[in-house]
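Read left to right, the sequence shown gives residues 1 to 325 (the working numbering). The C-beta atom is built at its ideal place from N, Cα and C for all residues, glycine as well. Keep in mind it's a predicted model, so treat the numbers as computed, not measured. All remarks here apply to the structure that follows.
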Amino acid sequence: MTVSRLYTDYVLAPGTKDNISEMVSQIKTAFQERLSKNLFLDPVTKQRSIWKVGNISQMIAYPDEISDNNYLFNKSTSVAQASGQYFMSAVNHVINGNTENLQKLGKPVVKTEWEIAPTVVNAYYEPLYNEFVFLEGILNSPFFDAGWPDYFKYGAFGVVAGHELTHGFDDQGQQYNQDGVLTPWWTNTSVAKFKNKTKCFVDQYSQYSMFGYHINGELTQGENIADNGGVKTAFQAYKNVIGTTTPPSLPSVDLNPDQLFFVAFGQVWCSLFSPQFIASNLKTNPHSPGPYRVIGALSNSEEFSSTFKCADNTRMNPSKKCDLW
Ligand SMILES: [Zn+2]
Numbered sequence: 001m002t003v004s005r006l007y008t009d010y011v012l013a014p015g016t017k018d019n020i021s022e023m024v025s026q027i028k029t030a031f032q033e034r035l036s037k038n039l040f041l042d043p044v045t046k047q048r049s050i051w052k053v054g055n056i057s058q059m060i061a062y063p064d065e066i067s068d069n070n071y072l073f074n075k076s077t078s079v080a081q082a083s084g085q086y087f088m089s090a091v092n093h094v095i096n097g098n099t100e101n102l103q104k105l106g107k108p109v110v111k112t113e114w115e116i117a118p119t120v121v122n123a124y125y126e127p128l129y130n131e132f133v134f135l136e137g138i139l140n141s142p143f144f145d146a147g148w149p150d151y152f153k154y155g156a157f158g159v160v161a162g163h164e165l166t167h168g169f170d171d172q173g174q175q176y177n178q179d180g181v182l183t184p185w186w187t188n189t190s191v192a193k194f195k196n197k198t199k200c201f202v203d204q205y206s207q208y209s210m211f212g213y214h215i216n217g218e219l220t221q222g223e224n225i226a227d228n229g230g231v232k233t234a235f236q237a238y239k240n241v242i243g244t245t246t247p248p249s250l251p252s253v254d255l256n257p258d259q260l261f262f263v264a265f266g267q268v269w270c271s272l273f274s275p276q277f278i279a280s281n282l283k284t285n286p287h288s289p290g291p292y293r294v295i296g297a298l299s300n301s302e303e304f305s306s307t308f309k310c311a312d313n314t315r316m317n318p319s320k321k322c323d324l325w
């Protein structure tokens, strides 16, 4: 938390927290709009799902407590006691963390507590709290930059926010209601249709391979569903935000703003791998490798195909497209 204070004061662009809060709210609205037009959910399930989105709480960037010096002093006392002795500082930090955890035993859960250091580069959805968290560590390029135009902000961070929201409606998140309780809250008909649609993603991603190793479509199912929902939700949110205006494009780049939205998404997952890494990673990682996070989600996107005018029945515009959220 002390490091987070320094990071917030010296690195995070002023206004980032407000900018991200606004984007997250636009993402929720876009997801609700898409739900209201959904064709496979029955009216009761649809209404409950819209409520669930409205009930999601969020933690953005850093906790407000970090501006309180006393709070930080109490948090760092055990480390400060071993000032200059780096090994003992680390040991004290672990002891302190474990003691704090044990003290929570038997007490009510505090849902607003920050469980991960805000400087970590990550965002996540917690189905048990129906909450999503965007740590300040991820509010940097290639995910976000305060000076970017909206098509970059929504193509990169917007998709991340849409991805986390969609986790509330993936194969696991769908089982938890608007209060994070594991209970049946959809009608049986909607659950059956949902399961049928998820199978399309399992089959699609199972066909992808890198260095001769196939992606496990079952293992990566939830993350792939979240990527697909994330792109569609963020594109709609971006369109809602710009309204009827046409944002200025980039100088010397022969791409229009809508195309640059998708370029920003691709840029996020631009990565290189060794065959050895992929062989091991595909067995354990619930995320598909970067290139297929992009290819998989965009080849299911009608908006991508029409924006780039992809010919029918081509690799990025197949006639069979998986669609859920
Ligand atoms: Zn995810």
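Residue i - containing beta strand (DSSP E), residue span
i: V133; result: 131-135
i: I215; result: First-last for I215: undefined, no H or E at that position.
i: M59; result: 57-61
When the options are compared against residue i, the one with the closest alpha-carbon
i: F136; options: I56, N228, N19, G180; result: Note that residue 136 corresponds to Glu in the displayed sequence, not to Phe. For E136, the nearest C-alpha among the options comes from N19.
i: N92; options: G106, S76, Q103; result: S76
i: P44; options: A297, D145, V191; result: One point to set straight first is that residue 44 is Val, not Pro, in the sequence displayed. With distances taken between Cα atoms, V44 lies closest to V191.
i: N317; options: S305, L324, W325; result: S305
i: I278; options: V253, C310, G212, C200; result: G212
i: W148; options: D323, A264, N285, T246; result: A264
i: L139; options: L128, N228, P118, E131; result: P118
i: V79; options: L298, E223, G97; result: G97
i: T198; options: S301, N188, V110, T220; result: T220
i: I50; options: I60, L39, F31; result: F31
i: P257; options: F194, V94, F152, D323; result: F152
i: A161; options: Y71, C200, F194, I60; result: I60
i: S141; options: P291, R34, Y154, V268; result: V268
i: H214; options: S288, N240, L12, N74; result: S288
i: Q308; options: L282, R315, Q259; result: Note that residue 308 is Phe in the sequence shown, not Gln. Looking at the Cα atoms, Q259 is the closest of the given residues.
Simplified DSSP state of residue i, which is helix, strand or coil
i: Y205; result: helix
i: L182; result: strand
i: N69; result: helix
i: T284; result: helix
i: N317; result: strand
Residue range of the unbroken alpha helix (DSSP H) whose run includes residue i
i: A13; result: Note, A13: premise wrong, no alpha helix (DSSP H); not H, not E.
i: K52; result: 43-54
i: Q259; result: 257-268
i: F169; result: Per DSSP, F169 belongs to no alpha helix (DSSP H) and is neither H nor E.
i: Y292; result: 290-298
i: F308; result: 302-308
Review point. What are the start and end residues of each continuous beta strand (DSSP E) run of 3 or more residues lying completely inside the stretch 100-162, in chain order?
Key: Counting whole runs of 3 or more residues, the stretch 100-162 contains the beta strand (DSSP E) stretches 123-126, 131-135.
Point to revise | Touch test, the stretch 116-134 against the stretch 97-107, Cβ-Cβ under 8 angstroms, three pairs minimum | key: In short, these stretches do not touch, since the Cβ pair count stays below three.
Check your understanding: Are the stretch 294-304 and the stretch 168-184 touching by the rule of at least three beta carbon pairs closer than 8 angstroms?
Key -> Flag = no, the stretch 294-304 and the stretch 168-184 do not touch.
Review point. Is the stretch 200-210 touching the stretch 224-231 in the sense that three or more CB pairs, one from each, lie closer than 8 angstroms?
Key: yes
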